[in-house]
Structures are given as C-alpha cells and as structure tokens.
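Residue numbers (my numbering): -3 to 98.
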C-alpha cells in the first residue's frame, strides 16, 4: 500500500541545539535505511517550513504505523497520513507506455 505522509516538526524548548542535531542526524540515517528497505519512496521539503511530504510503501496500516513510530523525530512531529489508491489515468498511462493502448 502507498501512503502520503505530511510531517511537520517542531523542536521542544527544553532540547539543546546539540541534542536536536543528533536527533536530526538519526532521522536522516533512518530515512536512508527506509529507502534502502523500499519503504520511503520519495520525500520533498515543503518550502519555507520545517516540514516534508513523503511517499511511503508498507504492507498495511500497522506496518506503516511501526515505521513512522520508529522515526527519531516522531515524538516532535505532527503527521498527517493519507492512504493512496491508483488513479485511472495512471493505469491508462501505464498501458500507453507499454504499447497496449494509444
């Protein structure tokens, strides 16, 4: 299953800049591993905000929940998750690309 995840992150006032940097590095490392594992397919920064939009692939909602809970910045993140379904235009475009339809 594919999911669109919008994440907004805000560091708490009590965390030091050094600790925040360590968490941000751990988050980056986690994201790289999620890409290697085939779960994090795409990620984009939202211009002007400490926020991102990403596409995740997981077997089901429970697996996605576990993946997102594993994010080092999860305790400081506000996440919005939307399950995605294939659009008919995507199916048609696939048929056109494979020569099955014009």
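Even for Gly, the Cβ is constructed at its ideal location relative to N, Cα and C.
Return the chain-ordered list of same chain residues with a C-beta closer than 7 Å to the C-beta of residue 42, the five sequence neighbours on each side being excluded. Within the same chain, 48 and 49 come within 7 Å of residue 42 by CB-CB distance, once the 5 residues on both sides are set aside.
Please tell me whether residue 48 has its Cβ less than 7 Å away from any Cβ of chain C. The structure shown contains no chain C; it holds only a single protein chain.
Considering just the uninterrupted stretch of the beta strand (DSSP E) at residue 38, what are its terminal residues? Bounds of the beta strand (DSSP E) holding residue 38 are 36 to 41.
Given a cut-off of 7 Å, decide if residue 63 and residue 35 are closer than it, judged by their beta-carbon atoms. For residue 35 and residue 63, yes; Cβs fall inside 7 Å.
Span of the beta strand (DSSP E) around residue 78: For residue 78, the uninterrupted beta strand (DSSP E) run begins and ends at 73 to 80, by DSSP.
My guess is that residue 23 and residue 75 are in contact by the Cβ rule of under 8 Å, so how many angstroms apart are they, rounded? The beta-carbon distance between residue 23 and residue 75, rounded to whole angstroms, is 13 Å. This is too long to meet the 8 Å contact definition.
Quick test of your reading: residue 4 and residue 73, contact by CB under 8 Å. State the CB separation rounded to the nearest angstrom. Right, the Cβ-Cβ distance comes to about 7 Å (below 8 Å), so this counts as a contact.
Suppose you measure from the CA of residue 88 to the CA of residue 40; what does that come to, to the nearest Å? Spanning the alpha carbons of residue 88 and residue 40 requires a straight line of approximately 26 Å.
Three-state secondary structure assigned by DSSP to residue 102: The structure shown has nothing for residue 102, since the chain only spans -3 to 98.
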